[in-house]
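One structure is given here, and the rest of the page talks about it.
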Amino acid sequence: MARTLVTGISGQDGSYLGELLLERGDEVIGMVREAPEDARERLIPELREVELVHGDLAGPESLRQVIATVKPERIYHLAAPTFVPASWTDPAGSLHDVAGATFTLLNAVEQEVPQARVFLASSAEVFGDCGESPQHERTPTFPRSPYGIGKLAALRAAHVWRSRGLHVSAGILFNHESPRRPERFLPRKVTKGAARVATGLLDELEVGDRRAIRDWSHARDLMAGAILAVEHDVPDDYVFASGHGHSVGELIDLAFRLCGLEAEEHVRVNPAFVRDPEATAPVGDPSKAQRVLGWLPEFTFDQVIAEMVEHDLALARGEADAPNAPPAG
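Here our numbering runs 3 ahead of the position in the sequence shown, where the first position is 1.
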């Protein structure tokens, strides 16, 4: 049993990680920005009893005090903005939130608990226009957004502090979904939209480019990989991905089919939602994590989407059956 500090415990990834850590018997402490009593309301029921501490990733002294007080043996740093397009609204702020917080955390760990093991959540956005697919740990990095630049800087920070003796592992995480994914992300938008069309709450779903490719996994699988990385005696970088690319069109067709519908009858492409296509398909090569850590995902692409559709159908049916349900629109 390890005393384990998790940043970002109220998010999708943090919720699954927290569950897995509790199943292992770890003592889990979540660090939150707001008052712990307010943050507790946002936790899934399974995590409502974990200890929460207030800490500011942007404040070096605040973070140092948290680390000094908690004295964690394991630290999982998941807290960061995750919606890539939003990083263009405030590029400098995004860079600070992603990379600056990581520098602050690693410095505090080195000062207070240098024997602790750390996991940093990086992103496939570090690869960008790298010119090769699938991407692995040694693939060149050419990020295309402020978010990607921040994640690359954080990844390089892991290398620097690792060279200084800290046990810092980094997971380069490709797209990962679940019913806990916020609705602003495309897969959840699609599964929710399909469910609402199927229950008469929505006439049609508007989407962008159906040809875009992504490598989608289940968030729980990637968090299981994070634990394996931390518990491995040698810290390193690992790509966590399914290794299979699927188009947005495949995602849409599957979600609607699971709802008993044909997507072409209910989906419209809105040119305003179409982004410039990637020069390189973002697909990960997880062979190193599989070989070194023995990591194997439990969920297939179809199973991930099926779980999300089932969840969103239940929500939509509840809304449709409620008194004064809104008309389809």
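Ideal placement from N, C-alpha and C gives every residue a C-beta, glycine not left out.
Here the stretch 245-252 makes contact with the stretch 208-226; the two share three or more CB pairs at distances below 8 Å.
For Asp-41, the secondary structure class from DSSP, reduced to helix, strand or coil, is helix. Within its own chain, the residues whose Cβ lies closer than 6 Å to the Cβ of Leu-24, once the five positions on either side in sequence are excluded, are Thr-7, Val-31, listed in chain order. Under DSSP, the beta-bridge partners assigned to Val-270 are Leu-208. Exclusion of the five residues before and after Met-311 leaves Pro-182, Thr-194 as the residues of its chain whose Cβ lies within less than 6 Å of its Cβ. DSSP places Met-4 outside both helix and strand once states are collapsed to three, so it counts as coil. The shortest CA-to-CA distance from Ala-71 to any of Glu-115, Glu-313, Val-101, Ser-18 is the one to Glu-115. The Cβ-Cβ distance between Pro-289 and Gly-248 does not fall below 8 Å.
Taking C-beta atoms as the reference points, Arg-77 and Ala-5 count as a pair closer than 8 Å. The C-beta separation of Glu-180 from Ala-127 comes to about 14 Å, leaving the pair out of contact by the 8 Å criterion.
A residue is called buried once 16 or more other Cβ atoms fall within 10 Å of its Cβ, and Pro-137 is buried on that count.
In the DSSP assignment, His-170 is bridged to Arg-120.
Pro-94 and Tyr-150 have their alpha carbons spaced roughly 8 Å apart. Take the alpha-carbon of Ala-317 and the one of Glu-207: they are about 19 Å apart. According to DSSP, residue pairing for Val-312 in a beta bridge does not occur.
Below 8 Å, too few C-beta pairs join the stretch 14-22 and the stretch 55-75 to call them touching: fewer than three. Nearest C-alpha to Ala-325 among Arg-294, Gly-203, His-314, Pro-285: Gly-203. Going by C-alpha positions, Val-237 is about 8 Å away from His-170.
With distances taken between CA atoms, Glu-301 lies nearest to Phe-243 out of Ala-275, Arg-320, Phe-243, Ala-284. In the three-state DSSP reduction, Thr-10 falls in the strand class (E or B). Pairing Val-272 with Val-210 gives a Cβ-Cβ distance under 8 Å. Below 8 Å, enough C-beta pairs join the stretch 149-169 and the stretch 103-117 to call them touching: three or more.
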